[in-house]
Amino acid sequence: MSFIIKQLTIHLNQKPLFDALNLTVANGEIAAVMGPSGSGKSTLLAAISGTLAGNFQMHGDLILNDQSLKGVAIEKRGVGILFQDDLLFPHLDVCENLIFGLPASMNKKEKLDRVHQALMTSGLEKFEHRDVSTLSGGQRARVSLLRTLLSNPSLILLDEPFSKLDTELRAQFRERVFEQIQSYNIPALLVTHDKEDVPEGSTTLILESHYA
Ligand SMILES: Nc1ncnc2c1ncn2[C@@H]1O[C@H](COP(=O)(O)OP(=O)(O)OP(=O)(O)O)[C@@H](O)[C@H]1O
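Position 130 (the sequence shown) corresponds to 130 in the UniProt record's numbering; numbering is contiguous.
Here it is as structure tokens:
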């Protein structure tokens, strides 16, 4: 599996936001996207996830597992997103939240087993029956990532997932997140403002501010 951005150009109101971007992200690889505010980082993620709305014109191609994403519906793209604000249900426990990441075709027992297994693999088993509202920011973010991974995405997009964590927690959490993604062996794209967040040796796509 891999993800390829091929000659991707996006115009906003006829002006280029970015021009002829190219990037290949292999399985288990985390590529970074950086650039100043307004350079189009969120727009790029929206183009990939299929949620681009507004006066944008897109040229070029996005290829996931040898298939073009052109014209593919959002729910059929196999793209999971982790936002900086997690979207967990605070009144439910971790296990119940994770069950939401699983396909409706699985029965309750299968879902519980799968969640339990995933929590063990991620070292989060002690939180299984904790209410989400009692977890720290970093713990919530790891549960949120696990929920995204449980939906079996072919690609994961990380939209500044570390920005709300304090520096000390951040380094530790970052390592855990990278390990979690690598254990699922899928390509990932990480949007960040902070060079520290970029895993060593990873490809970095730098967007420029064309559109002021
Ligand atoms: N729906 C929209 N309609 C019109 N313009 C938009 C829309 N969404 C974003 N833009 C504009 O597109 C440009 C790129 O925005 P985008 O949010 O992708 O940048 P960003 O790099 O993610 O910025 P930040 O780091 O501040 O989040 C900006 O000039 C923004 O105002």
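Virtual Cβ for every residue (Gly too), placed ideally from N, Cα, C. Keep in mind it's a predicted model, so treat the numbers as computed, not measured.
- Note on geometry: alpha-carbon atoms of residue 61 and residue 68 lie some 7 Å from one another.
- At a threshold of 7 Å, residue 41 counts as near ligand 1, since its beta carbon sits closer than that to one of the ligand's heavy atoms.
- With contacts defined by Cβ atoms closer than 8 Å, residue 4 and residue 190 do not form a contacting pair.
- Annotation for residue 102: no beta strand (DSSP E) segment contains it, and DSSP assigns it neither H nor E.
- Ranked by how close their Cα comes to the Cα of residue 204, the residues 6, 35, 2, 19 have 35 in first place.
- Look at the segment 165-193 and you find these whole runs of beta strand (DSSP E), each 3 residues long or longer: 188-191.
- Using a cutoff of 7 Å, the CB of residue 54 counts as near ligand 1, since one of the ligand's heavy atoms is closer than that.
- Residue 158 is bridged by DSSP to 82, 190.
- Judged by their CB atoms, residue 2 and residue 80 are not nearer to each other than the 8 Å cut-off.
- When DSSP states are grouped into helix, strand and coil, residue 73 belongs to the coil group.
- Contact between the segment 5-16 and the segment 44-58 is present, with at least three C-beta pairs closer than 8 Å.
- The bridge partners DSSP lists for residue 26 are 2.
- Taking 8 Å as the cut-off, the Cβ atoms of residue 88 and residue 144 count as close.
- Take residue 200, set aside five residues on each side of it, and no residue of its chain has a beta-carbon closer than 6 Å to its own.
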